[in-house]
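The structure appears right after this line, and notes come after that.
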Amino acid sequence: MNTEGNGYTFAFSTVMVVLVATALAFAATALKPAQDLNIKKEKMQYIMRSIGMKEISREESPEAYKTYIKDTLVLDDQGVEIGKGAFAIDLAKVKGKHPIFIAEKDGQKFYVFPVRGMGLWDAIWGYVAVDENQIVKGIVFDHKAETPGLGGDINRDFFQDRFIGENVFSANGEFQKLSVIKAYKGGDDKTDGKVDAISGATLTCNGVSKMLLDGLKPYENYLKTLQK
Amino acid sequence: MSDTNKEGLFSKSNIKLITAPFNDDNPISVQVLGICSALAVTVQMKNAFVMALSVTAVIALSNVIISLLRNLIPSRIRIIVQLVIVALLVILVDLILKAYAYDVSKQLSVFVGLIITNCIVMGRLEAFALGNTPWKSFLDGIGNGIGYGIILMVVAFLRELLGSGKIWGFEILGDPIEKTGLYAYGYVNNGFIILAPMALIVVGIVIWVQRHFNRKLIEK
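Next comes the structure, spelled out in structure tokens:
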């Protein structure tokens, strides 16, 4: 057989492309449910970690989510409630909808707000858990592609723990942004909403500040209604 | 395939196909292929190990497929055919990792896709699989994958130890935040080791050390 002719070359490539495409389409469809389940479990894991269950595994998360999440809400840009079913909302794809997860653990109530923004290289996201007094009780960040050992450290406890105890509102009741400050001099001051940055990760940290400002702003009115 | 049957599946020359890439014909330190991913995924040993496994699987399987098709592939489009086969296998690896090894797939993220451009894969297809039987090509693929993996693990070991004070994720030098272990005496991790340029330097040192012990690799 002449394998160098034009006809043969065309026939060969056509058959090859069809076979490869079929194989890929089949694999993608067959593995999709397992992949989606992983993403869903991971989201539950983030939420659980933000309310203080730091060591929870991905496999245990759906069970814990069912136990501790009592209610969910969706707000629009003005902070008006427009429905339930917050879990299905993917901040990466949907604009103008702001989910809230309300959790109750050991008699304490947590309001968990998802936030999403840009780091230095790619997307960063997080979940902020506050109590009725707008005090941050837990925060979880993760990132897609920040520099390992520098900006990548925003998903580590030592950084996330710096936010615990900070207040989303200032002493005179104004909404203040939670922000990450380079060479922060305030030490353990928990009223100003500011925490120390990671050295060598200024751009990622600026991204975190911006994400927290843009992400929490839509919840301002809702947070005020919680105030006793 | 008849010649492999005469020869025996694990004859001396076949075994040599697997073992040669470990040292004398190592894809990274001797053939100098696949450097790009050696820089990218050697920050942690765990990632390097999974990367090595994935690359080995992709080289071995693509070698076999190309070798089976070697008499059918029109030589004018052979590079495209190789690319399509490799891309198919890499996407399959990526999909499978996402479904069954999610954490690993998150850490490797773009690097899995980059296996497609890993020069070792194309290099072995072009240099070996197009002219040899499937079984020999399979052994050659496994050998080169392991040879690649050995260097990756050595580099990752040094980078993880010096850069983050860990081995396989375990903090063997103490906790840098709590200042325990070595850190209590003022030891600090070398952040520079984590960045890509240091991987290149470490690979260079590995090549140097290898040539010190294996004199026949030294070019005259």
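Protein chains in written order, with our numbering: chain Z, 1465 to 1692; chain P, -5 to 214.
For every residue, glycine included, the Cβ atom is placed at its ideal position computed from N, Cα and C.
Predicted model, so just to flag it, every value in this text is computed and none were measured.
Query                                                                                                                       : Result
Min CB distance S69(P) to chain Z below 8 Å                                                                                 : yes
Residue-chain proximity (E1468(Z), chain P), Cβ-Cβ < 8 Å                                                                    : yes
Those residues which DSSP pairs with A1593(Z) across a bridge                                                               : V1576(Z) and G1602(Z)
G28(P): CB within 7 Å of a non-hydrogen atom of the ligand MG                                                               : Among the components modelled here there is no ligand, and therefore nothing to report on the ligand MG.
Segment contact flag, the region 181 to 193 of chain P with the region 57 to 69 of chain P, C-beta cutoff 8 Å, min 3 pairs  : no
For E1568(Z), the three-state DSSP class (helix, strand or coil)                                                            : strand
N1631(Z) (DSSP reduced to helix, strand or coil)                                                                            : strand
Short CB-CB distance (under 8 Å) between G157(P) and chain B                                                                : No chain B appears in the structure shown, which is made up of the protein chains Z and P.
At least 3 beta-carbon pairs within less than 8 Å: the region 1658 to 1667 of chain Z vs the region 1545 to 1565 of chain Z : no
Coil, strand or helix - S1643(Z) by DSSP                                                                                    : strand
CB contact below 8 Å: T1668(Z) versus chain P                                                                               : no
Euclidean distance between Cα positions of V196(P) and V149(P)                                                              : 6 Å
Exposure of H206(P), with buried meaning 16 or more beta-carbon neighbours within 10 Å                                      : exposed
Separation of W1589(Z) from M1675(Z), as counted between CA atoms                                                           : 8 Å
Bounding residues of the alpha helix (DSSP H) (the contiguous stretch that carries L63(P))                                  : M39 to L63
G1664(Z): contacting residues in chain P (beta-carbon distance under 8 Å)                                                   : G185
Residues of its chain near G141(P), where Cβ-Cβ distance is below 7 Å and the 5 sequence neighbours each way are ignored    : P15, F16, N20 and P21
G1581(Z) - partner residues in DSSP beta bridges                                                                            : I1588(Z)
Residue-chain proximity (L176(P), chain Z), Cβ-Cβ < 8 Å                                                                     : no
DSSP-derived helix/strand/coil call for M(-5)(P)                                                                            : Residue confidence is low: M(-5)(P) scores 43 on pLDDT, short of 50, so the model does not pin down where it sits. Its coordinate-derived value is still stated next. It is coil, neither helix nor strand.
Distance CB(V115(P))-CB(V52(P)) smaller than 8 Å                                                                            : yes
Y96(P) at chain Z interface by Cβ criterion, 8 Å                                                                            : yes
Coarse secondary structure for P1563(Z), derived from DSSP in three states                                                  : strand
Three CB pairs or more closer than 8 Å across the region 1552 to 1564 of chain Z and the region 1575 to 1588 of chain Z     : yes
Secondary structure of L1690(Z), DSSP reduced to three states                                                               : helix
Rounded straight-line distance, which links the Cα of A178(P) to that of F1622(Z)                                           : 18 Å
Chain P within 8 Å of V1659(Z), Cβ atoms only                                                                               : no
Simplified DSSP state of D215(P), which is helix, strand or coil                                                            : Residue 215(P) falls outside the range modelled here, since chain P spans only -5 to 214, and no answer is possible.
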